[in-house]
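Residue numbers (my numbering), protein chains in the order written: chain A, 1 to 465; chain W, 466 to 930.
Glycine residues also receive a C-beta, built at the ideal position from the N, C-alpha and C atoms.
First the structure, in the form of structure tokens, and then the observations on it.
Number of protein chains: 2
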Amino acid sequence: MENINIDLEQAVDESLEKILNLLEEKQYFKARDEICQYNAVDESEMLEEVIDEAGIEKAVILFRLLPKATSVDVFSFLPTDDQLAIIDAITDSETTYIIDELDFDDKIDVLEELPANVVDKILEKTPKHERKLINTFLNYPDDSAGSLMTPNYISLKKDWSVAEALAHIKEEGMDAETIYTCYVKESDRRLIGIVSLSTLVTKDDNIKIKEIMVDDYVWLDVNDDQEEVADTFKKYGFLALPVVDKEHRLVGIVTVDDVLDVMEEEATEDIERMAGVIDFEDSDREYLDIPVWKHAINRLPWLLILMVAYIFTGQIVASFENQLSAMTCLIIYMPMLMGTGGNTGSQAATLIIRGLATDEVDLSDTLKILWKEFRVGVLLGVLLSLFNFLRIVFIDGETIAVAMTVCLAMIFIVIFAKILGSMVPILVKACKLDPALIANPAISSISDAVALTIYFVVASLVLGI
Amino acid sequence: MENINIDLEQAVDESLEKILNLLEEKQYFKARDEICQYNAVDESEMLEEVIDEAGIEKAVILFRLLPKATSVDVFSFLPTDDQLAIIDAITDSETTYIIDELDFDDKIDVLEELPANVVDKILEKTPKHERKLINTFLNYPDDSAGSLMTPNYISLKKDWSVAEALAHIKEEGMDAETIYTCYVKESDRRLIGIVSLSTLVTKDDNIKIKEIMVDDYVWLDVNDDQEEVADTFKKYGFLALPVVDKEHRLVGIVTVDDVLDVMEEEATEDIERMAGVIDFEDSDREYLDIPVWKHAINRLPWLLILMVAYIFTGQIVASFENQLSAMTCLIIYMPMLMGTGGNTGSQAATLIIRGLATDEVDLSDTLKILWKEFRVGVLLGVLLSLFNFLRIVFIDGETIAVAMTVCLAMIFIVIFAKILGSMVPILVKACKLDPALIANPAISSISDAVALTIYFVVASLVLGI
Numbered sequence: 001m002e003n004i005n006i007d008l009e010q011a012v013d014e015s016l017e018k019i020l021n022l023l024e025e026k027q028y029f030k031a032r033d034e035i036c037q038y039n040a041v042d043e044s045e046m047l048e049e050v051i052d053e054a055g056i057e058k059a060v061i062l063f064r065l066l067p068k069a070t071s072v073d074v075f076s077f078l079p080t081d082d083q084l085a086i087i088d089a090i091t092d093s094e095t096t097y098i099i100d101e102l103d104f105d106d107k108i109d110v111l112e113e114l115p116a117n118v119v120d121k122i123l124e125k126t127p128k129h130e131r132k133l134i135n136t137f138l139n140y141p142d143d144s145a146g147s148l149m150t151p152n153y154i155s156l157k158k159d160w161s162v163a164e165a166l167a168h169i170k171e172e173g174m175d176a177e178t179i180y181t182c183y184v185k186e187s188d189r190r191l192i193g194i195v196s197l198s199t200l201v202t203k204d205d206n207i208k209i210k211e212i213m214v215d216d217y218v219w220l221d222v223n224d225d226q227e228e229v230a231d232t233f234k235k236y237g238f239l240a241l242p243v244v245d246k247e248h249r250l251v252g253i254v255t256v257d258d259v260l261d262v263m264e265e266e267a268t269e270d271i272e273r274m275a276g277v278i279d280f281e282d283s284d285r286e287y288l289d290i291p292v293w294k295h296a297i298n299r300l301p302w303l304l305i306l307m308v309a310y311i312f313t314g315q316i317v318a319s320f321e322n323q324l325s326a327m328t329c330l331i332i333y334m335p336m337l338m339g340t341g342g343n344t345g346s347q348a349a350t351l352i353i354r355g356l357a358t359d360e361v362d363l364s365d366t367l368k369i370l371w372k373e374f375r376v377g378v379l380l381g382v383l384l385s386l387f388n389f390l391r392i393v394f395i396d397g398e399t400i401a402v403a404m405t406v407c408l409a410m411i412f413i414v415i416f417a418k419i420l421g422s423m424v425p426i427l428v429k430a431c432k433l434d435p436a437l438i439a440n441p442a443i444s445s446i447s448d449a450v451a452l453t454i455y456f457v458v459a460s461l462v463l464g465i
Numbered sequence: 466m467e468n469i470n471i472d473l474e475q476a477v478d479e480s481l482e483k484i485l486n487l488l489e490e491k492q493y494f495k496a497r498d499e500i501c502q503y504n505a506v507d508e509s510e511m512l513e514e515v516i517d518e519a520g521i522e523k524a525v526i527l528f529r530l531l532p533k534a535t536s537v538d539v540f541s542f543l544p545t546d547d548q549l550a551i552i553d554a555i556t557d558s559e560t561t562y563i564i565d566e567l568d569f570d571d572k573i574d575v576l577e578e579l580p581a582n583v584v585d586k587i588l589e590k591t592p593k594h595e596r597k598l599i600n601t602f603l604n605y606p607d608d609s610a611g612s613l614m615t616p617n618y619i620s621l622k623k624d625w626s627v628a629e630a631l632a633h634i635k636e637e638g639m640d641a642e643t644i645y646t647c648y649v650k651e652s653d654r655r656l657i658g659i660v661s662l663s664t665l666v667t668k669d670d671n672i673k674i675k676e677i678m679v680d681d682y683v684w685l686d687v688n689d690d691q692e693e694v695a696d697t698f699k700k701y702g703f704l705a706l707p708v709v710d711k712e713h714r715l716v717g718i719v720t721v722d723d724v725l726d727v728m729e730e731e732a733t734e735d736i737e738r739m740a741g742v743i744d745f746e747d748s749d750r751e752y753l754d755i756p757v758w759k760h761a762i763n764r765l766p767w768l769l770i771l772m773v774a775y776i777f778t779g780q781i782v783a784s785f786e787n788q789l790s791a792m793t794c795l796i797i798y799m800p801m802l803m804g805t806g807g808n809t810g811s812q813a814a815t816l817i818i819r820g821l822a823t824d825e826v827d828l829s830d831t832l833k834i835l836w837k838e839f840r841v842g843v844l845l846g847v848l849l850s851l852f853n854f855l856r857i858v859f860i861d862g863e864t865i866a867v868a869m870t871v872c873l874a875m876i877f878i879v880i881f882a883k884i885l886g887s888m889v890p891i892l893v894k895a896c897k898l899d900p901a902l903i904a905n906p907a908i909s910s911i912s913d914a915v916a917l918t919i920y921f922v923v924a925s926l927v928l929g930i
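Right, here's the structure in full:
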């Protein structure tokens with residue numbers, strides 16, 4: 001047993017180092033032998049590094065030396081950007097070969113990214129019925145169940161016996177994306193039931209499919225959003241789900257491995273939106289592949305909106321200018337009160353936005369959430385105020401009146417921020433928008449303005465200025 | 466076909482309404498018939514709502530009326546809190562029945578949450594060899610591969626033929642968590658290869674297992690963290706992975722459905738940490754089930770740490786007190802500069818933290834990231850300054866010198882915040898800690914302090930105060 005106690009990742013790293021050196025010395029065949037020891041996923045990860053470190057020219061030489069079957073597998077696991085770079089560098093006939101050999105869903109993914117004239121050239125050489133299928137798949141909206149699915153599934157007839165079904169699977173199995181769930185269709189292509197391979201291999205040979213098929217299965221609509229698709233997989237824990245059109249005709253299946261990527265993508269989108277970064281192209285390009293001006297454009301809108309919000313905050317400060325110049329010590333506590341308001345508000349907003357995304361809470365929980373955040377706000381406000389009171393009186397040496405002002409303001413600010421932070425996402429959700437879109441920076445800047453107002457009003461009342 | 470064009474979710478909601486009314490009228494049998502139309506996942510979701518809305522007493526009456534086999538399935542899909550509430554309300558013998566019937570991995574999950582004396586009582590009645598196995602599994606650290614795995618897999622011998630293997634699967638299949646990947650073990654329990662069911666059903670009956678088994682498979686160590694487990698599944702797209710101990714003996718398997726939950730959990734943990742919320746119990750309790758004081762404790766540490774940081778910010782303000790009272794118009798722009806610094810810093814930090822979590826970037830990209838964020842910072846700083854210059858001169862009616870001060874400070878602050886936000890997560894990662902732990906609020910508060918310093922220094926230089 002070769003692989004016992006060898007850390008695969010470490011081996012990959014060491015081989016990569018070797019390969020880069022070999023490419024440097026133009027020992028391409030030796031580099032090829034080194035990379036070929038691994039599985040396609042790791043090979044493609046190594047090729048990705050080679051493109052980054054040694055440049056696309058050397059990477060393409062190495063890619064061309066891979067066994068033909070391997071090269072297609074490796075290609076299918078590369079990130080889109082690198083796939084396009086390779087297609088750019090190889091001949092048309094090489095491209096056609098690779099695209100032909102790819103699994104159907106990978107083929108669609110690549111074709112979607114290629115320029116129209118390249119796609120046309122490839123489709124010219126494709127048999128007519130497949131060309132039609134490809135065109136149908138290319139038309140499903142991005143991020144829909146239709147764009148995730150593959151047409152390569154095993155379909156069975158309801159009158160077949162288990163033995164006939166197993167013989168059919170033996171014949172067709174190698175081309176299917178999964179053989180673990182098989183689909184039973186009427187002659188008009190309507191889906192009427194599903195049978196798992198585990199049922200088939202544990203039943204007697206002469207039982208009919210219609211007797212063992214499950215007919216209250218869960219299905220997806222071609223237009224379902226990929227987020228719904230992921231939620232359905234998560235809820236039921238299936239390995240594959242059938243996708244049907246308006247007439248309930250089976251048009252494809254989605255398998256769980258594609259859903260893992262969707263889940264990661266959706267979480268990334270939520271996280272970035274919460275930090276005020278909007279990916280306008282909705283692309284799956286990686287951080288380093290996005291050009292500087294695109295990064296700037298993705299981040300600019302929220303910064304500009306918030307800057308306008310700060311005009312009002314500035315005006316609040318301006319309207320208290322006289323009081324502040326009369327008692328400049330009050331300025332010292334402005335950053336703390338604003339910062340704490342923003343931070344407590346984002347905490348609440350984050351918990352609620354995530355809770356809504358994972359179905360832990362929903363709109364019917366609004367009052368429960370309000371009551372909970374109010375109490376959390378009171379508790380935190382009092383605790384933080386106690387700490388501050390001691391600090392202001394004993395460390396800063398300010399008067400009790402100043403300490404009272406800051407602490408009272410702090411309690412109100414924290415309570416307000418918790419309520420604001422928890423209720424705004426719910427409001428956004430009630431308007432049928434993605435709660436993550438109301439970024440945390442927005443919560444902070446609203447609570448900044450309110451925090452200052454509370455502070456100055458409390459100061460006027462307590463200090464009589 | 467009953468289920469065509471019926472929206473399952475809507476049907477569940479309507480039935481739930483009916484059930485709550487029936488329970489209100491004490492028509493328990495009718496409520497049972499209503500709930501029994503659905504699959505176990507939806508039934509358990511409905512029971513969860515019944516516990517929330519109608520109380521645990523009525524829910525337990527309904528639960529007891531479910532067919533025995535169904536009740537175990539429904540129980541297995543309930544959240545931990547509700548499982549414990551039901552165990553609390555039913556008799557010891559009912560509890561023992563349910564625990565006995567649960568799949569092994571669900572059993573371990575429930576036992577882990579029960580008080581020790583209840584576990585002891587249940588284990589007393591368990592056969593000795595299973596008791597030993599349960600105790601071993603209970604000892605694997607939380608969130609490790611060991612805690613996710615199940616011992617119910619199909620194991621084959623290398624000298625068996627395909628026909629023998631299939632016969633074995635037919636016999637054992639019903640108890641296994643998956644039959645789609647089978648594991649080939651030596652007599653000393655060492656794992657030597659894997660065979661997929663799709664290979665078995667597509668090969669001839671008399672081929673030997675050792676000829677078709679894959680021996681460069683990917684495996685997990687019992688002590689691997691669940692995040693690593695999820696990453697491995699995501700990378701290779703497998704349905705199940707074998708888990709081995711130090712001697713490479715097969716101790717269990719992890720299946721992809723359990724990994725979907727882990728991915729959601731890990732994303733939630735990252736998102737919460739980035740907002741400065743730390744779940745000290747590391748529990749999977751839902752938002753509404755966490756008591757107010759626990760919520761407060763989870764959020765307090767970062768608020769306190771940041772409050773200490775704001776003492777320094779306050780001191781920076783204090784040291785410029787004279788300049789500020791000489792030119793109070795400078796105070797007006799403090800919130801904007803601090804806020805923008807914080808927001809741009811969090812944007813950068815979020816992108817890098819997420820990039821590190823999804824392997825889009827790693828430590829070797831540090832210089833590339835630095836250079837990219839520097840340029841993004843310059844671009845955004847200049848754009849935002851242009852906007853501000855116009856506003857300060859034409860709307861606020863301040864002098865060009867004041868506008869220059871604010872705009873110069875803005876450019877420096879944005880550049881600084883982008884670099885700070887992108888480099889701190891990398892530094893934390895280099896120290897082998899979770900980058901998400903350095904919450905965004907921390908980035909904001911550091912950049913607040915630096916923003917004010919930059920602002921006041923620029924003001925001194927430009928305005929000569």
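Check, Outcome
"Heavy atom of the ligand SAM within 8 Å of Ala761/W beta-carbon", "Ligands are entirely absent from the displayed structure, and the ligand SAM is therefore not among its contents."
"For Glu692/W, the nearest candidate out of Met728/W, Phe703/W and Asp669/W (CA to CA)", "Met728/W"
"Continuous beta strand (DSSP E) stretch holding Val719/W: start and end", "Leu715 to Thr720"
"Partners in chain A for Trp758/W, counting only beta-carbon separations shorter than 8 Å", "Leu379"
"Per-residue DSSP class, three states only, for Tyr97/A", "helix"
"Whole-angstrom distance between Leu828/W and Lys894/W, CA atom to CA atom", "8 Å"
"Residues near Val462/A in its chain [Cβ-Cβ closer than 8 Å; skip 5 each side]", "Ala401, Met404, Thr405 and Leu408"
"Gly806/W and Ile878/W closer than 9 Å at C-beta", "yes"
"Span separating the alpha-carbon of Thr560/W from that of Leu576/W", "11 Å"
"Proximity below 9 Å, CB of Val243/A to CB of Leu220/A", "yes"
"Chain-ordered neighbours of Ser790/W on chain A, where CB pairs are closer than 7 Å", "Ser325 and Thr328"
"Cross-chain neighbours of Lys498/W in chain A, by beta carbon under 7 Å", "Here the sequence assigns Asp to residue 498/W, which means Lys is not the residue at that position. Result: empty, since nearest Cβ-Cβ is about 16 Å, beyond 7 Å."
"Expected contact under 8 Å - CB spacing of Ile818/W and Val826/W to nearest Å", "Contact flag wrong, Cβ pair sits at about 10 Å."
"Complete beta strand (DSSP E) runs within the stretch 678 to 719 of chain W (minimum length 3 residues, chain order)", "705 to 709"
"Exposure label - Ile4/A; buried when at least 16 CB within 10 Å", "Annotation note: pLDDT 39 at Ile4/A (below 50); position unreliable, coordinate value reported separately. Classification for Ile4/A: exposed."
"Inter-residue spacing [alpha-carbon to alpha-carbon] between Val660/W and Ala705/W", "12 Å"
"Length of the line joining the Cα atoms of Lys185/A and Leu250/A", "8 Å"
"Met466/W at chain A interface by Cβ criterion, 9 Å", "Only weak support exists for where Met466/W lies, its pLDDT of 35 falling under 50; the value from the coordinates is given anyway. By this cut-off, Met466/W is an interface position."
"Cutoff 9 Å: Asp913/W Cβ touching any chain A Cβ", "yes"
"CA-to-CA distance, Pro301/A to Ala814/W, given in whole angstroms", "18 Å"
"Under 7 Å (Cβ pairs) to chain A, residues found in the stretch 635 to 653 of chain W", "Lys635, Gly638, Met639, Ile644 and Tyr645"
"Which of helix, strand or coil DSSP assigns to Lys675/W", "helix"
"Cβ neighbour criterion (16 or more within 10 Å) applied to Met213/A", "buried"
"Cutoff 9 Å: Asn504/W Cβ touching any chain A Cβ", "yes"
"Contact set between Lys471/A and chain W, taken where Cβ atoms lie within less than 8 Å", "Not covered by the structure: residue 471/A. The range shown for chain A is 1 to 465."
"Candidates Asn322/A, Thr199/A and Gly237/A, of which the one nearest Asp640/W by Cα", "Thr199/A"
"Lys699/W, buried or exposed, once every other Cβ within 10 Å from all chains shown has been counted against 16", "buried"
"Closer than 9 Å to chain A by CB, Gly741/W", "yes"
"Neighbour flag for Met772/W against chain A, beta carbons, 9 Å", "yes"
"Close-in-space but distant-in-sequence residues of the same chain around Lys495/W (CB under 6 Å, 5 per side omitted)", "Leu487"
"Interface flag, Trp160/A vs chain W, CB-CB below 9 Å", "no"
"Listed by chain order, chain W residues near Val317/A by CB distance under 8 Å", "Ile796, Ile797, Met799 and Pro800"
"Start-to-end residues for the beta strand (DSSP E) that takes in Lys185/A", "Thr178 to Lys185"
"Spatially closest choice to Ile446/A from Glu49/A, Cys431/A and Phe416/A, by CA coordinates", "Phe416/A"
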